[in-house]
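Quick note on UniProt numbering: the sequence shown kicks off at 1 and runs consecutively.
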Amino acid sequence: METERRVLVVEDERTIAEAVAARLRAEGFVVEVAGDGPSAVAAARRTPPDVIVLDVMLPGFDGLEVCRRIQAERPVPILMLTARDDETDLLVGLAVGADDYMVKPFSMRELAARVHALLRRAQKGQETRDDKILRFGDLEINQSERRVLRGGVEAHLTPTEFDLLVHLAAHPRTVLPRERLLADVWGWADASGTRTVDSHIKGLRRKLGSDLIRTVHGVGYALEVRK
Ligand code: CA
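Next up, the structure:
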């Protein structure tokens, strides 16, 4: 029997919340809707969802704060909804642990595809968890515990940053195009999302040091670790 998959939709605009919930229910998800920051955090605590669709602008406290609080308790894939294609919202959202984002207005078909992609990734992460430890110079990636150390110091990565790093580490010194990273790590192949890749690379460099990942301009990224 297929296990039930739960989505928490956090959106104060009722018509959007209802449309998103209806589409996801039609896709077979069990959907709960919360209309403000505090009730979103309470709902996630009460019945842990498998994915969260989270609007940034909310009453109470905003979606970024919701993201921060929920991720601090238990990592869960988060698709963020923003009103404008605002670089600041996007960067802050990804920094506090959102995995993907969509700019309003969006199509329900696209939204459903992104939610499915997030779930597939989370599931793949579970299946590939084994005792394998990847080592490159002073970088150590423990896949079963999803922990990363550099020079013996633990770096706290978001789930997406971790998956991206593992993917780069699986092909060391190989230049991986941004479009391919987007398809392989995020599970979708829309080239307009390559900025999402750039933002997560920025996060990895901030947490692990700027010498780890080489940019090949106009192409993509490669993991470079001195032996
Ligand atoms: Ca809103």
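We treat Cβ as the ideally placed atom computed from N, Cα and C, and that holds for glycine.
Sorting 152, 162, 151 and 137 by C-alpha distance to the C-alpha of residue 145 places 162 at the top.
When the beta-carbon positions are compared, residue 23 and residue 108 come within less than 8 Å of each other. The beta-carbon distance between residue 12 and residue 55, rounded to whole angstroms, is 7 Å. This is short enough to meet the 8 Å contact definition.
Counting along the chain, the unbroken alpha helix (DSSP H) around residue 63 starts and ends at 63-73. For residue 134, there is no enclosing alpha helix (DSSP H); the enclosing beta strand (DSSP E) has its first and last residue at 133-136.
According to the DSSP secondary-structure assignment, residue 56 is paired through a beta bridge with no residue.
In this structure, residue 61 sits away from residue 97, with a CB-CB distance that is not shorter than 8 Å. Using a Cβ distance threshold of 8 Å, residue 53 and residue 79 count as a contacting pair. Checking the 7 Å criterion, the Cβ of residue 18 is out of range of every heavy atom belonging to ligand 1. Comparing alpha carbon positions, the residue from 16, 14, 3 and 17 closest to residue 28 is 3. Rounded to the nearest whole angstrom, the C-alpha separation of residue 7 and residue 159 is 18 Å.
A straight-line Cα-Cα distance of about 16 Å links residue 44 and residue 58. DSSP places residue 15 in the uninterrupted alpha helix (DSSP H) bounded by 14-26. Spatial neighbours of residue 208 in its own chain (CB-CB distance under 6 Å, excluding positions within 5 residues in sequence) are listed in chain order as 150 and 155. Residue 161 sits in a helix when the DSSP states are folded into three classes.
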